[in-house]
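Structure, as structure tokens:
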Amino acid sequence: MDAEALKFRVNVARYLSEIHSSVSEIENSIDELDCCILSNFEKLASLVADVQTISSSYYLKSYLEPYTHEFSDIAQAVDTLSAKRHGALIIVERSNPIEALINNGIQINAKVSQQLLEAIFYPGNPLHDGGTVILQDRILSAGNILPISNKPAKRKIGTRHRAAIGITEHTDALALIVSEETGRISFAYGGDLYVVKT
Numbered sequence: 002m003d004a005e006a007l008k009f010r011v012n013v014a015r016y017l018s019e020i021h022s023s024v025s026e027i028e029n030s031i032d033e034l035d036c037c038i039l040s041n042f043e044k045l046a047s048l049v050a051d052v053q054t055i056s057s058s059y060y061l062k063s064y065l066e067p068y069t070h071e072f073s074d075i076a077q078a079v080d081t082l083s084a085k086r087h088g089a090l091i092i093v094e095r096s097n098p099i100e101a102l103i104n105n106g107i108q109i110n111a112k113v114s115q116q117l118l119e120a121i122f123y124p125g126n127p128l129h130d131g132g133t134v135i136l137q138d139r140i141l142s143a144g145n146i147l148p149i150s151n152k153p154a155k156r157k158i159g160t161r162h163r164a165a166i167g168i169t170e171h172t173d174a175l176a177l178i179v180s181e182e183t184g185r186i187s188f189a190y191g192g193d194l195y196v197v198k199t
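Residue 78 in the working numbering is what sits at position 77 of the sequence shown, and the numbering runs on without skipping anything.
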């Protein structure tokens, strides 16, 4: 096991221990009539959100690193887009080709860079509404239309999120999404959606 995996496991174990303690506190306080447990639930929700963020970031990196050496540029672009609330949909092609499932994209064929990704998703840019496809270390195309998932969602999600789920239902691609409404970063993999940063 490498150092990063070990650190991840230690962090998750620590959070799970804190979550267990928090649940025990709630169980012990529930019978006390003069005790309000609402703050305990807030603490519990915060712990769960924190460990979910740590886990999502770890798995996102492990799913992407074997398929692109430009993980850090992609991650930095997504963080900047999130901070500015510029919506984005980035598809990283893995083992299965996705060309047959997408259409109407504009060919880019340029090396992945943080600046180029941010420019593509700048509001008003004609390419910002579609998906941008990355293969290894190159941005192949932008402004792509992707298949939309009909899968029922656990929460209300927009077209970008449904497209991300749709492409990952049919291929092993990974899709990164930035919500323009909230700045939330998520990724879709295997037809499921995971929040990275709220």
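Yeah, the Cβ is synthetic: ideal placement off N, Cα and C, and Gly gets one too.
Kindly indicate which residue of the options has the alpha-carbon position closest to the one of residue i.
i, options, result
"R163", "K8, G132, E33, Q108", "G132"
"Y123", "R95, A189, E181, C37", "E181"
"E5", "E26, K62, N29, A101", "K62"
"S96", "H87, Q137, K112", "Q137"
"A111", "N105, I103, I121", "I121"
"L175", "K152, I91, G159, L39", "I91"
"I107", "L82, V52, L7, I135", "I135"
"P127", "Q116, N105, P148", "N105"
"E119", "D80, S18, S150, N151", "D80"
"G167", "K152, K157, N29", "K152"
What span of residues does the beta strand (DSSP E) with residue i cover, start to end?
i, result
"R139", "139–145"
"V134", "132–136"
"A176", "175–179"
"D187", "Contrary to the premise, residue 187 reads as Ser rather than Asp in this sequence. Run containing S187: 186–190, per the beta strand (DSSP E) assignment."
Around the Cβ of residue i, are there at least 16 other Cβ atoms within 10 angstroms (buried) or fewer (exposed)?
i, result
"F188", "buried"
"S142", "buried"
"E94", "buried"
"H129", "buried"
Identify the residues that DSSP records as bridge partners of residue i: which are they?
i, result
"N104", "I146"
"L90", "I178"
"Y195", "F188"
"K155", "K155 pairs with nothing; no bridge assigned."
"A111", "I140"
Taking a contact to mean a Cβ-Cβ separation below 9 angstroms, would you say residue i touches residue j in this structure?
i, j, result
"R10", "G88", "no"
"R86", "V179", "yes"
"E170", "G192", "yes"
"Y195", "Y68", "no"
"L48", "Y16", "yes"
"R185", "S114", "no"
First and last residue of the alpha helix (DSSP H) that includes residue i?
i, result
"H171", "160–171"
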